[in-house]
Ligand code: KG4
Ligand code: ZN
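In our numbering, the protein residues as written are 26 to 361.
Structural data, given as structure tokens:
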């Protein structure tokens, strides 16, 4: 039987809607919000307003691109949290209204779990190789950094997490210190391509177990630049590529070392990455090298499913749909 699920994602600054037919993607529309660039970060109030403006055209386009009418939908899945509350309210309210109007079930989805579930999105040819259970997923986004153990039946256990900043946040803050526009991650990635990753050395944390810490690295980067700028006000300008390559290499090194430790501790060598930072070319390369050295089976998401998107909400919704896990209409979104 065919089930068409509409996914809606509005947890941060991307308004997205996607249609999935069982586990095969039909459309995935994302409207970004340029307005935040002027402020060097996401302004929650502006994000909510932009979601409100974008949501109807985005959903409409997703349905048209999937070549179905809203009457063919089997359920509506939406991001319940975590995220910005005002932004989540727009997607949640819209999904509820659609569910009531069409008399179809509602499915709530956890944003972080959805990033992981993106690995199960199939294309038309059904050629995508999916992870085997149990597998480990390094989920690295703007707000979270976790190592998650995914068991048979999609049960998820967080076995490592950041105790302070997230990896994406560290990219964004480093970029801001260098005067680069928000979001800094993609910009650092781009500039790093022509830089020397071993030129500058920054402090690496020594955190026990599988947890991460990035606040020391951020401070070390800030103080290093403050001292160099005193000697040479053009220091950043002339060394930008090397600075980007060096900070990126340090972040990746911290991530990959913990992932190796997690693999050693659990004996699991099915390894996936997910979340916005999994778009990073250096991280993708480092994981490929780890595969070759350690014999891992690795799973790198398609680029369009790394940063926030509704396709991942739709696939997570589909698996809940199969289990009949529907949400009641009185639930509220959660920020954390
Ligand atoms: O998953 P995501 O889209 O939103 C959250 O759930 O947070 O992740 C956004 C984060 C931002 O911090 C952004 O700078 C980072 O992902 N990011 C990258 C790259 N593309 C996005 N970081 C490094 N390299 C990239 N290519
Ligand atoms: Zn995300």
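Beta carbons are placed, not taken as given, at the ideal position from N, Cα and C, and that holds for glycine. Bear in mind the structure is a predicted one, so any value in this text is a computation, not a measurement.
For residue 100, the pairing in a beta bridge is given by DSSP as 30.
The C-alpha of residue 271 is placed about 6 angstroms away from the C-alpha of residue 225.
In the displayed model, residue 334 falls within coil according to three-state DSSP, outside both helix and strand. At the C-beta level, residue 191 and residue 167 come within 8 angstroms of one another. For residue 260, the enclosing alpha helix (DSSP H) has its first and last residue at 260 to 291.
A distance criterion of 7 angstroms places the beta-carbon of residue 41 beyond contact range of the ligand ZN, judged by its closest non-hydrogen atom. Residue 338 is not a Cβ neighbour of residue 50, given a cutoff of 8 angstroms. In this structure, residue 333 has its beta carbon less than 7 angstroms from a heavy atom of the ligand ZN. By the criterion of a C-beta distance shorter than 6 angstroms, residue 27 is surrounded in its chain by 46, once the five residues flanking it on both sides are discounted. A residue is called buried once 16 or more other Cβ atoms fall within 10 Å of its Cβ, and residue 105 is buried on that count. Remark: the shortest separation between the CB of residue 66 and any heavy atom of the ligand ZN does not fall under 7 angstroms.
When DSSP assignments are scanned along the region 46 to 97, the uninterrupted stretches of alpha helix (DSSP H) that are 4 or more residues long and fall wholly within it turn out to be 69 to 91.
If the five residues before and after residue 308 are omitted, its C-beta is found closer than 7 angstroms to the C-beta atoms of 277, 280, 298 and 302, all from its own chain and listed in chain order. With respect to the 8 angstroms criterion, residue 326 and residue 169 are not classified as neighbours on the basis of their beta carbons.
Boundaries of the beta strand (DSSP E) around residue 323: 322 to 324. In the structure shown, residue 228 falls within a coil segment according to DSSP collapsed to helix, strand and coil. If the five residues before and after residue 206 are omitted, its C-beta is found closer than 7 angstroms to the C-beta atoms of 62 and 212, all from its own chain and listed in chain order. Sixteen is the threshold: when 16 or more other Cβ atoms of the shown chains lie within 10 Å of the Cβ of residue 40, as they do, the residue is buried. DSSP places residue 306 in the helix class (H, G or I) of the three-state scheme. In the three-state scheme derived from DSSP, where H, G and I count as helix and E and B as strand, residue 238 is classed as coil. A contact is defined here as three or more CB-CB pairs under 8 angstroms, and the region 59 to 79 fails this definition with respect to the region 169 to 180. Counting only residues of its own chain and dropping the five nearest sequence neighbours on each side, residue 239 has a CB closer than 8 angstroms to the CB of 170, 187, 189, 190, 191, 192, 194, 195, 230, 276 and 279. Excluding sequence positions up to five before and after residue 91, its CB lies within less than 8 angstroms of the CB of 29, 44, 46, 51 and 52, all in the same chain and listed in chain order.
Excluding five sequence positions before and after residue 324, the CB atoms of its chain that fall closer than 6 angstroms to its own CB belong to 144, 156 and 297, given in chain order.
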